[in-house]
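Numbering (my numbering), first residue to last: 1210 to 1368.
The beta carbon of each residue, even a glycine, is placed where N, CA and C say it ideally should be.
Now the structure itself:
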């Protein structure tokens, strides 16, 4: 499937579970802003399905094993606060998550869940000519901010 979210019919009364998991590497140097960006990125996958009420958010973080304990103790709470503040601004909150220290890269993201009716969802595959597409940021923003991926993309595009 080409969707970033899954849509699962539930056993009860015509309800659907819309859920996504998303994560990426930091794009900015400010840990608070990065937390907010990560949360907004996770929420946006569910919003793209038309579901606007998020029932639960989990935060997923892989802290860098190259960071000192002092760096982790300084950066991580700030990033977590940014993530939580974004969730609160979106009318939901963070109900849990997982933090691991397993690789040299900091990775941040989460899981967003919404329970909704079929009328509250928009399935992108149902788009028709004439529908309006709203872009909330320039295409390629994440790739442009990650030079390694950008360099790979340039090689692919040049072929």
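Beta-carbon proximity list for residue i, same chain, < 8 Å, skipping 5 on both sides
| i | result |
| --- | --- |
| residue 1274 | 1310, 1311, 1312 and 1313 |
| residue 1216 | 1225, 1226, 1227, 1258, 1330 and 1332 |
Buried versus exposed call for residue i [16 or more other C-beta atoms within 10 Å across all chains shown]
| i | result |
| --- | --- |
| residue 1332 | exposed |
| residue 1299 | buried |
| residue 1262 | exposed |
| residue 1340 | exposed |
| residue 1369 | The first residue shown for the chain is 1210 and the last is 1368, placing residue 1369 beyond what the model contains. |
| residue 1302 | exposed |
| residue 1347 | exposed |
Cβ neighbours of residue i in the same chain (closer than 6 Å, five flanking residues each side left out)
| i | result |
| --- | --- |
| residue 1270 | 1308 and 1317 |
| residue 1293 | 1303 |
| residue 1237 | 1243 |
Straight-line gap, residue i to residue j (C-alpha atoms, nearest Å)
| i | j | result |
| --- | --- | --- |
| residue 1253 | residue 1322 | 11 Å |
| residue 1315 | residue 1272 | 5 Å |
| residue 1328 | residue 1334 | 15 Å |
| residue 1264 | residue 1244 | 19 Å |
| residue 1282 | residue 1289 | 11 Å |
| residue 1338 | residue 1213 | 22 Å |
| residue 1246 | residue 1343 | 19 Å |
| residue 1219 | residue 1230 | 19 Å |
| residue 1222 | residue 1325 | 11 Å |
| residue 1295 | residue 1286 | 14 Å |
Proximal residues to residue i (C-beta, below 7 Å), its chain only, five neighbours per side dropped
| i | result |
| --- | --- |
| residue 1280 | none |
Beta strand (DSSP E) runs wholly inside the region 1288 to 1352, at least 3 long, in chain order: Taken in chain order, the unbroken stretches of beta strand (DSSP E) that lie wholly in the region 1288 to 1352 and span 3 residues or more are 1303 to 1312 and 1316 to 1326.
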